[in-house]
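Chemist: 1 is the number of the first residue of the sequence shown in the UniProt record's numbering; add one for each residue after it.
Even for Gly, the Cβ is constructed at its ideal location relative to N, Cα and C.
All values derive from a computational prediction rather than experimental measurement.
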Amino acid sequence: MRAVQITEFGGPEVLKVSEVDAPAAGDGQVLITVDRAGINYADTHQVENSYLSRTELPLVPGGEVVGRTADGRRVVALVGSGGYAQQAVAAAPYAWDVPEGVSDGDALALVLQGTTAWHLLRTSTHLQPGETVLVHAGAGGVGSLAIQLAKLWGAGRVIATASTEEKRRQTVDLGADAAIDGTADGLKDRILAANDGKPVDIVLEMVGGRTFDASFEALGRFGRLVVFGAASREAAQPVDPRGLMVGSKTIAGFWLADCFKQPALLGDPLKELFDLTVAGRLHPVVGGEYALSEVAKAHEDMRARRTVGKLLLDPTR
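Below, the structure written as structure tokens:
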């Protein structure tokens, strides 16, 4: 079968389409004929071996797929790796039926980025009605869903960051009350200005480096900042634990992989997200679709911040 396989670590240039053996489903697994695979920013880290978990070569990247099982079920599944291919194998508990009214792109946006946004707001920061939420990369896969969920769940004010004016307009269209430039220089002042001079209650942070520093400085009393990525590939300044005491602030981390041992931690949020989508209350953003042969361009576009929402890979092309 055709698949994207890497045999050395690096940037987008190491992503090559190859002929590889088709996978076989073992006990407790399902074989899926892939209609579309999801592309995630985490994939760029996996390809260069800079992710939280180390990668062994050769590797077929791709953590989630939507397609058909041998018995005709239409499912979306988390596969860990192997998604950039015409066929993939998933553990049965991590392949969920996709309801009518949820497109392939919707399903792929929700299964990983949607459940991440759900846990960031529900599990990690315990959003309360009326609180102010700062969402970094608001036009991205997680951010575009987090903005909508925060508003649905009663946030008093949602502030989004984005790298261009067009993306900032898109976050406002999604429900953000204010959108600001996410550039690190002067970021704290822009955050406070967007919140009428007041610090924020919650920050969803996936950039790292100076963006983390500025976001922490803009955090208010009893504020919670949750880290779920490090897109800048830069280290933040060390945080003195005593600095958490003044203002009773919390810094948390979230990695969806920590939910994998309990399928309900994914399946229950996913069902809620599916229901909201079918009801027309949640609108996943599908930002583009690439042929399998264009996978390097997809990674280049993502790393250059030229994309929005969820990116899809078509293994038939």
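Would you mind stating whether leucine 78 and glutamate 64 have Cβ atoms separated by less than 9 Å?
Modeler: The residue labelled residue 78 in the question sits at position 78 within the sequence shown. The residue labelled residue 64 in the question sits at position 64 within the sequence shown. Cβ distance < 9 Å, so leucine 78 and glutamate 64 count as in contact.
Chemist: Rounded to the nearest angstrom, what separates glutamate 217 and methionine 1 at their Cα positions?
Modeler: Translated into the one-based positions of the sequence shown, residue 217 becomes position 217. Translated into the one-based positions of the sequence shown, residue 1 becomes position 1. Approximately 51 Å between the Cα atoms of the pair.
Chemist: Can you tell me where the alpha helix (DSSP H) with alanine 264 in it begins and where it stops?
Modeler: Within the sequence shown, numbered from 1, the residue matching residue 264 stands at position 264. Residues 264-278.
Chemist: With a cut-off of 8 Å, do at least 3 Cβ pairs link the stretch 215-230 to the stretch 109-124?
Modeler: Result yes; three or more Cβ-Cβ pairs closer than 8 Å.
Chemist: Does threonine 115 get closer than 9 Å to chain B when you measure Cβ to Cβ?
Modeler: No chain B appears in this structure, which consists of one protein chain only.
Chemist: By DSSP's criteria, glutamate 8 is part of a beta bridge. Which residues make up the other side?
Modeler: Translated into positions along the sequence shown, residue 8 becomes position 8. Looking at the DSSP assignment, glutamate 8 forms no beta bridge with any residue, so it has no partner.
Chemist: With a 10 Å radius around its C-beta and 16 neighbouring C-beta atoms as the bar for buried, classify lysine 167 as buried or exposed.
Modeler: On the sequence shown, position 167 is the one that residue 167 refers to. Buried, by the Cβ-count rule.
Chemist: Taking the DSSP output, what are the residues bridged to glycine 288?
Modeler: Locating residue 288 in the sequence shown gives position 288, counting from the first residue. Per DSSP, Leu311.
Chemist: Just to confirm, is the Cβ distance from alanine 184 to isoleucine 159 under 9 Å?
Modeler: Here residue 184 corresponds to residue number 184 of the sequence shown, with the count starting at 1. Here residue 159 corresponds to residue number 159 of the sequence shown, with the count starting at 1. No; because the gap between Cβ atoms is not below 9 Å, this pair is not in contact.
Chemist: Among the residues of its own chain, which have a CB less than 7 Å from the CB of leucine 52, if the five just before and after it don't count?
Modeler: Position 52 of the sequence shown, counted from the start, is the residue given in the question as residue 52. Counting only Cβ-Cβ distances below 7 Å, and skipping sequence neighbours, we find Trp255.
Chemist: Please look up how many angstroms separate the CB atoms of residue 337 and threonine 132, rounded, as I've assumed it's under 8 Å.
Modeler: Since the first and last residues shown for the chain are 1 and 317, residue 337 lies out of range.
Chemist: Would you tell me roughly how many angstroms separate the C-alpha atoms of tryptophan 96 and leucine 270, rounded to the nearest one?
Modeler: Within the sequence shown, residue 96 is the residue found at index 96, counting from 1. Within the sequence shown, residue 270 is the residue found at index 270, counting from 1. Taking the straight line from one Cα to the other gives about 9 Å.
Chemist: Return the CA-CA distance between histidine 45 and glutamate 300, expressed in angstroms with no decimal places.
Modeler: For the purposes of this step, residue 45 is taken as residue 45 along the sequence shown, with counting starting at 1. For the purposes of this step, residue 300 is taken as residue 300 along the sequence shown, with counting starting at 1. The alpha-carbon atoms of histidine 45 and glutamate 300 are separated by roughly 13 Å.
Chemist: Nearest CA to the CA of glutamate 8: which residue from Gly28, Pro58, Asp43, Asp27?
Modeler: Here residue 8 refers to the residue found at position 8 when the sequence shown is read from its first residue. Checked all of Gly28, Pro58, Asp43, Asp27; the closest Cα to glutamate 8 is Pro58.
Chemist: Are there any heavy atoms of the ligand FAD lying less than 8 Å away from the beta-carbon of valine 111, as far as the coordinates show?
Modeler: Among the ligands in the structure shown, none appear at all, so the ligand FAD cannot be discussed.
Chemist: Mark aspartate 35 as exposed unless 16 or more other C-beta atoms lie within 10 angstroms of its C-beta, in which case mark it buried.
Modeler: By one-based count along the sequence shown, residue 35 stands at place 35. Under this definition aspartate 35 is a buried residue.
Chemist: Hey, quick one: how far does the beta strand (DSSP E) through threonine 33 stretch, first residue to last?
Modeler: As a position in the sequence shown, residue 33 is number 33, starting the count at 1. 29-39 is the span of the beta strand (DSSP E), which, as asked, contains threonine 33.
Chemist: In this structure, how does DSSP classify phenylalanine 222 when only helix, strand and coil are distinguished?
Modeler: As a position in the sequence shown, residue 222 is number 222, starting the count at 1. Residue state, collapsed to three classes: strand.
Chemist: Output the distance between the C-alpha atoms of alanine 298 and alanine 304, rounded to the nearest integer angstrom.
Modeler: As a first step, residue 298 is located in the sequence shown; it is residue number 298 there, counting from the start. As a first step, residue 304 is located in the sequence shown; it is residue number 304 there, counting from the start. Whole-angstrom Cα-Cα distance: 10 Å.
Chemist: Tell me whether threonine 211 is buried or exposed, calling it buried when 16 or more other Cβ atoms sit within 10 Å of its Cβ.
Modeler: Taking the sequence shown and counting its residues from 1, the one referred to as residue 211 is at position 211. Buried: at least 16 other Cβ atoms inside 10 Å.
Chemist: If you reduce the DSSP assignment to three classes, tell me which class glutamate 19 lands in.
Modeler: Walking along the sequence shown from the start, residue 19 turns up at place 19. Looking at glutamate 19 - three-state DSSP - the assignment turns out to be strand.
Chemist: Hey, would you say phenylalanine 274 sits closer than 9 Å to proline 99, going by beta carbons?
Modeler: If you number the sequence shown from 1, residue 274 lands on position 274. If you number the sequence shown from 1, residue 99 lands on position 99. Yes, Cβ-Cβ distance for phenylalanine 274 and proline 99 is below 9 Å.
Chemist: Could you pull the start and end residues of the beta strand (DSSP E) that aspartate 189 belongs to?
Modeler: In the sequence shown, residue 189 corresponds to position 189, counting from 1. Here aspartate 189 belongs to no beta strand (DSSP E); instead the alpha helix (DSSP H) covers 187-194.
Chemist: Can you check whether the CB of alanine 91 is closer than 9 Å to the CB of glycine 28?
Modeler: The residue given as residue 28 occupies position 28 in the sequence shown. The residue given as residue 91 occupies position 91 in the sequence shown. For glycine 28 and alanine 91, yes; Cβs fall inside 9 Å.
Chemist: Please identify the residue among Glu272, Val4, Tyr41, Pro93 whose C-alpha is closest to the C-alpha of glycine 140.
Modeler: Position 140 of the sequence shown holds residue 140. Taking only the C-alpha atoms, the option nearest glycine 140 is Tyr41.
Chemist: What residue does the beta strand (DSSP E) around arginine 168 start on, and which one ends it?
Modeler: On the sequence shown, position 168 is the one that residue 168 refers to. No beta strand (DSSP E) contains arginine 168, which is instead part of the alpha helix (DSSP H) from 165-174.
Chemist: Which word fits alanine 279, buried or exposed, when buried means at least 16 other C-beta atoms lie within 10 angstroms of its C-beta?
Modeler: Taking the sequence shown and counting its residues from 1, the one referred to as residue 279 is at position 279. The residue in question, alanine 279, is exposed, as its Cβ has fewer than 16 Cβ neighbours within 10 Å.
Chemist: Kindly indicate the opening and closing residues of the alpha helix (DSSP H) around leucine 244.
Modeler: Translated into positions along the sequence shown, residue 244 becomes position 244. First-last of the alpha helix (DSSP H) with leucine 244: 242-245.
Chemist: Determine the DSSP secondary structure at glutamate 64, reduced to helix, strand or coil.
Modeler: Walking along the sequence shown from the start, residue 64 turns up at place 64. Here glutamate 64 sits in strand by DSSP.
Chemist: By alpha-carbon positions, which one of Arg74, Ser124, Gly82, Tyr94 ends up nearest to aspartate 104?
Modeler: Position 104 of the sequence shown, counted from the first residue, corresponds to residue 104. Checked all of Arg74, Ser124, Gly82, Tyr94; the closest Cα to aspartate 104 is Arg74.
Chemist: By how many angstroms is the C-alpha of arginine 190 removed from the C-alpha of glycine 67?
Modeler: Mapped onto the sequence shown, residue 67 falls at position 67. Mapped onto the sequence shown, residue 190 falls at position 190. Computed Cα separation, rounded: 43 Å.
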